[in-house]
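In our numbering, the protein residues as written are 92 to 498. A short write-up of the structure that comes next.
Rendered as structure tokens:
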């Protein structure tokens, strides 16, 4: 079925490009973004959209070069300065995250920007030198807010680029800042909801599917939101179970229709979660009602011990990909709302139906098939459109709608 969809979008390529470009022109585009894709051979969709991507170190040389080109064209529309201050996460023990910062810094420098790395930590002196996973040195600079202007030892004016999703309260030093800031602080996980994003995304999928005369279920993950929950006390857990059974019932019907092997399941996810935390899968509402104490504790809080009070229930899509007999899934990266490439996320101890965004994940180049390689955007004389690139474009438009809503 996925191959049939791929053939369809290439047959109607010009019409699809025109529709996407029209939708994209209506909303602002995110400065960068990344998307987790699941594809079981029949159904494929984006299952997570991130506005603060932290895996630039996993991109190929070609993808990094394209990212530099897109930054060079796009950033002047946000800020005229050629100086950029990257505001990273506070932790410095994750060496791979530090490699991401180094890679992002070089991509921006290749776009002719002068780049400084700030730090939200207050326990450092003017600078803090750390080494990344490749033993390369990074210099993090203490930030100060001087009359609404962020400064560091080497940065005193320019654009502020956030690579911190701010799951908790925004630091005081970033409040009332008058400089250009992207992505918007209001789209940090303290305020952003996955349910809001997927509401916009699936509306776009529904409109697209009507134009193409296809079943929108094939491209949209059914998503329900349940608020005011507490797994430790069991508050409103029965509502989560009910939503799960509803999604699984529909999936059962679709599995029969499309002759999909396997048993339908759902993922229950922290509505404001990240880093693969606050996630579990279930094959029935009964499983959710019977979670043991250890499983409930895992859903007590997410990143930075932020209490989980809202979740989404989403139909589980298994992945058809594997690398060296291990489950794998594509991750797509965008700059300025346009796809630059991506990589495969692989997990040795997870199966095709489990979440691979978990500790122990590894990364490799995109598989070289006609769906994942090449990942191309709607530019030049390309005669092929990757289904994944199309999905990423629609997810970027959905993010643009989120940005409009946050104003």
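C-beta: ideal position from N, C-alpha, C; glycine also. These figures come from a predicted structure and were not determined experimentally.
Under a Cβ-count criterion, where at least 16 other Cβ atoms within 10 Å of its own Cβ denotes burial, should residue i be classed as buried or exposed?
i: residue 470; result: Bear in mind that a pLDDT of 49 at residue 470, under 50, signals an unreliable position, so the model cannot answer this.
i: residue 269; result: exposed
i: residue 159; result: buried
i: residue 233; result: buried
i: residue 484; result: buried
i: residue 249; result: buried
i: residue 429; result: buried
i: residue 254; result: buried
i: residue 440; result: exposed
i: residue 384; result: exposed
i: residue 325; result: exposed
i: residue 362; result: buried
i: residue 360; result: buried
Cβ atoms of residue j and residue i: under 7 Å apart, would you say?
i: residue 434; j: residue 149; result: yes
i: residue 386; j: residue 409; result: no
i: residue 79; j: residue 355; result: Missing from the structure shown is residue 79; the chain here goes from 92 to 498 and no further.
i: residue 229; j: residue 189; result: yes
i: residue 392; j: residue 318; result: no
i: residue 236; j: residue 205; result: no
i: residue 186; j: residue 214; result: no
7 Å is my cut-off, CB to CB: does residue i come that close to chain C?
i: residue 225; result: Looking for chain C here will not work: only one protein chain is present.
Which one or two residues does DSSP pair with residue i in a beta bridge?
i: residue 232; result: 209, 218
i: residue 426; result: 123, 429
i: residue 368; result: None, per the DSSP bridge assignment.
i: residue 137; result: 128
i: residue 420; result: 436
i: residue 529; result: Nothing can be reported for residue 529: it is not among the residues displayed for the chain, which extend from 92 to 498.
i: residue 321; result: 326
By Cβ distance below 7 Å, which residues in the same chain neighbour residue i in space, the five residues on each side in sequence not counted?
i: residue 488; result: 114, 115, 118, 295
i: residue 147; result: 191, 194, 195, 198
i: residue 172; result: 248, 249, 250
i: residue 374; result: 354, 356
Given residue i, which residues of its chain have a CB within under 6 Å of its CB, disregarding the five upstream and five downstream residues?
i: residue 342; result: 355, 406
i: residue 183; result: 221
i: residue 139; result: 127
i: residue 336; result: 376
Does the ligand GDP have a heavy atom nearer than 6 Å to the CB of residue i?
i: residue 149; result: This structure lacks the ligand GDP; in fact it carries no ligand of any kind.
For residue i, which residues in the same chain have their Cβ closer than 8 Å to its Cβ, ignoring the five residues on either side in sequence?
i: residue 496; result: 287
i: residue 493; result: 278, 283, 287, 288, 291
i: residue 95; result: none
i: residue 264; result: 211, 234, 235, 236, 241
Quiz item: Do the stretch 103-114 and the stretch 441-459 meet, that is, are 3 or more Cβ pairs less than 8 Å apart?
Solution: No contact exists between the stretch 103-114 and the stretch 441-459.
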